[in-house]
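Residue numbers (the numbering used here), protein chains in the order written: chain A, -19 to 93; chain B, 10 to 121. Reading through the C-alpha cells given below for one structure.
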Amino acid sequence: DSGVTQTPKHLITATGQRVTLRCSPRSGDLSVYWYQQSLDQGLQFLIQYYNGEERAKGNILERFSAQQFPDLHSELNLSSLELGDSALYFCASSVGADNSPLHFGNGTRLTVT
Amino acid sequence: ILNVEQSPQSLHVQEGDSTNFTCSFPSSNFYALHWYRWETAKSPEALFVMTLNGDEKKKGRISATLNTKEGYSYLYIKGSQPEDSATYLCALNSGNTGKLIFGQGTTLQVKP
C-alpha cells in the first residue's frame, strides 16, 4: 500500500459530461502529480502541484483542470469528455518538489461512452 | 519533445537467469533518472532515483547504473525469480520540478 488514495476506482460516463477525480497524498508528502495512461500509451504527465501551488505542467488539455487544496488533497476535473479521454488516471505524491521518488495510487479507470 | 527509450520491449527468461535492460535518454536534458517496477493489477513502485554520472544503486537482487554523458541507464536483475515478473519503467526528470517523462517500459516474464 503506497498510502496514496484515489477515488473513485472506476467511472463510466457519457461524452460531453464532466467528472472529478480525487486524490489524497501519502501523509507528509507535499507534491501531487497527475498522470494519464491511455491504451497502448505510456504514462503521460499532466500536472504537478507542490504545497498548493502549480509546479509543472505537461500536455494537459484545456478541458482538464486540477487543484491542490490546503489539506494537500487534489482534484482533477475533466470536462466536455470525449471518447479519447477514456484512460487510467494515476495520482502520485512525493515528499519534495523535484527528485523525490513518486508513490502512486491505484488509479481511476475512466470510461467515456 | 524529449524521448525516453527502453529496450527490449519484452523479455522472457527462466527462473535463475540474470538479465538486464536499457533506458536511453537525451544526455543534454538530464537532471535525474527514476526506475519503477509495475506489477500487473498494482500501481508503479519506485526502485531507484539516480542523479550522478556513474551512480550505482542496489536493492536486493536488482541494481542499476547510470551514464549521463552518453545518456543511458542499465537495470540488472540477478537470479530472476517469478515474483520479478513485472513491467520496469524508467523516467527522466529534465528539470528542477517533479515532471517525469516515462519510457514505454520493459515487460519481464520469469518462467519457473
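Ideal placement from N, C-alpha and C gives every residue a C-beta, glycine not left out.
Could you pull the start and end residues of the beta strand (DSSP E) that residue 53 of chain A belongs to? That residue, residue 53 of chain A, is in no beta strand (DSSP E); it is neither H nor E in DSSP.
In angstroms with no decimal places, state the Cα-to-Cα distance between residue 143 of chain B and residue 93 of chain A. A question about residue 143 of chain B goes unanswered here, because the residues of chain B that appear run from 10 up to 121.
Is residue 11 of chain A helix, strand or coil by DSSP? The three-state reading of DSSP puts residue 11 of chain A in strand, counting E and B together.
Determine, using beta-carbon pairs with one atom in the segment 34 to 54 of chain A and one in the segment 21 to 38 of chain B, whether at least three such pairs fall under 8 Å. The segment 34 to 54 of chain A makes no contact with the segment 21 to 38 of chain B; the number of CB pairs closer than 8 Å stays below 3.
At least 3 beta-carbon pairs within less than 8 Å: the segment 61 to 80 of chain A vs the segment 80 to 88 of chain B: Because the criterion of three Cβ pairs below 8 Å is not met, the segment 61 to 80 of chain A and the segment 80 to 88 of chain B do not touch.
Chain A contact for residue 12 of chain B (CB, 8 Å cutoff): Not one chain A Cβ lies under 8 Å of residue 12 of chain B.
Sorted by chain position, which residues of the same chain lie with C-beta nearer than 7 Å to residue 30 of chain A's C-beta, five sequence neighbours on each side aside? The beta carbon of residue 30 of chain A lies closer than 7 Å to those of 10, 11, 77 in the same chain, with the five residues before and after it left out.
Can you find the residues in the same chain that come closer than 7 Å, C-beta to C-beta, to residue 14 of chain B, ignoring five residues on each side of it along the sequence? Shown here for residue 14 of chain B: same chain residues with a beta carbon closer than 7 Å to its own, the five before and five after excluded, namely 33, 112 in chain order.
Can you list, in chain order, the residues of its chain with a C-beta nearer than 7 Å to that of residue 7 of chain A? Leave out the 5 residues immediately preceding and following it. Closer than 7 Å at the Cβ level, and outside the excluded window around residue 7 of chain A, lie -17.
Quick one: is residue 70 of chain B buried, meaning 16 or more other Cβ sit within 10 Å of its Cβ, or exposed? A residue is called buried once 16 or more other Cβ atoms fall within 10 Å of its Cβ, and residue 70 of chain B, having fewer, is exposed.
Return the first residue and the last residue of the beta strand (DSSP E) that residue 19 of chain B is part of. Segment 19 to 23, the beta strand (DSSP E) holding residue 19 of chain B.
Could you tell me which chain B residues have their CB closer than 7 Å to the CB of residue 5 of chain A, listed as they occur along the chain? For residue 5 of chain A, there are no neighbours in chain B by C-beta distance under 7 Å, as the nearest C-beta there is about 12 Å away.
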